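Numbering (this note's numbering), first residue to last: 38 to 365.
Ideal Cβ positions, reconstructed from N, Cα and C, are used throughout, including at glycine.
Please read all numbers here as calculations on a predicted model, not as lab measurements.
Below: one structure, written as structure tokens.
In structure tokens form, the structure reads like this:
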């Protein structure tokens, strides 16, 4: 059993904290980000890690910053942890903090390092249409996800899997792999492998990237955009000046679309001439189909401006969209 300080913030990190407790490690304290205002009332809301720590009666620290914060560093030194476990904490730790635990600081990262170092590895794996990803545990250093690797576990990404679904799967794998990693560290059998220079970066997501670019993005790229931004912010386009969010879509070939819209089969040669973003079919029974670059986009879940998310058939019962309308 190790004496551990746990640093983390979102539900992804909460799963690792649960795994440590279930493995009967002693959690000396939890360090998480300060409560943030949320919702229309801007009420302060605690992070998932804090909420779980409160349930478990674990001491909690919420420093605004960890760099140039000597009081916080001294508090951690007094706790004298064997190891500090860091999972999606959200800040790069200074060397003086990394040097405190005798067994080092261990990080759980949501990719197969050295690919996708940075803030959004799970999201970018989906956005880029990757077939596989995974979890890496590593010894931390002062860089951004540059430390020596310990253990890895690879997983396949489903063709329709969203960031949210993959996030939930990887969070549980991360907790299991962290416990396995600590066992090997405690036994002195943990490997230590430098990452090398063949790396890629997964930067924070920006709101601007959520708008669909009908002119330049292919149907597969739009499909990956929708999956990758679900449930974070959703991808969107505009219908007659009003924002329209897509939450679930399916890419189709021209021939697959023509099996649905039989009446258009005699005009199949004209499909490739239609401007991307053009509504081909909008019917409450058959659904919503939009011309895209290199294929057709079938919309399955949608959200109108100032409305709730719903199935497209339900949406079309209350909103009429004319075939030939160009989205932008």
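- Of the residues assessed, residue 309 falls on the exposed side of the cut-off, its CB having fewer than 16 other CB atoms within 10 angstroms.
- DSSP places residue 338 inside the beta strand (DSSP E), whose first and last residues are 332-340.
- If the five residues before and after residue 350 are omitted, its C-beta is found closer than 8 Å to the C-beta atoms of 321, 322, 324, all from its own chain and listed in chain order.
- For the 8 Å CB-CB criterion, residue 57 and residue 122 form a contact.
- Excluding its 5 nearest sequence neighbours in each direction, residue 147 has C-beta neighbours in its own chain below 6 Å: 158, 159, 207, listed in chain order.
- Contact annotation: residue 334 and residue 288 have beta-carbon atoms nearer than 8 Å.
- Checking the DSSP bridge columns, you'll see residue 171 partnered with 191.
- A straight line joining the alpha-carbon of residue 153 with that of residue 301 spans about 44 Å.
- Around the C-beta of residue 336, 16 or more other C-beta atoms lie within 10 Å, and the residue is accordingly described as buried.
- DSSP places residue 305 in the helix class (H, G or I) of the three-state scheme.
- With respect to residue 363, residue 332 sits apart: the two C-beta atoms are not nearer than 8 Å.
- For a cut-off of 8 Å, the C-beta gap from residue 185 to residue 176 is around 5 Å, short enough to register as a contact.
- According to the DSSP secondary-structure assignment, residue 272 is paired through a beta bridge with 283.
- At least 8 Å separates the beta-carbon of residue 49 from that of residue 161.
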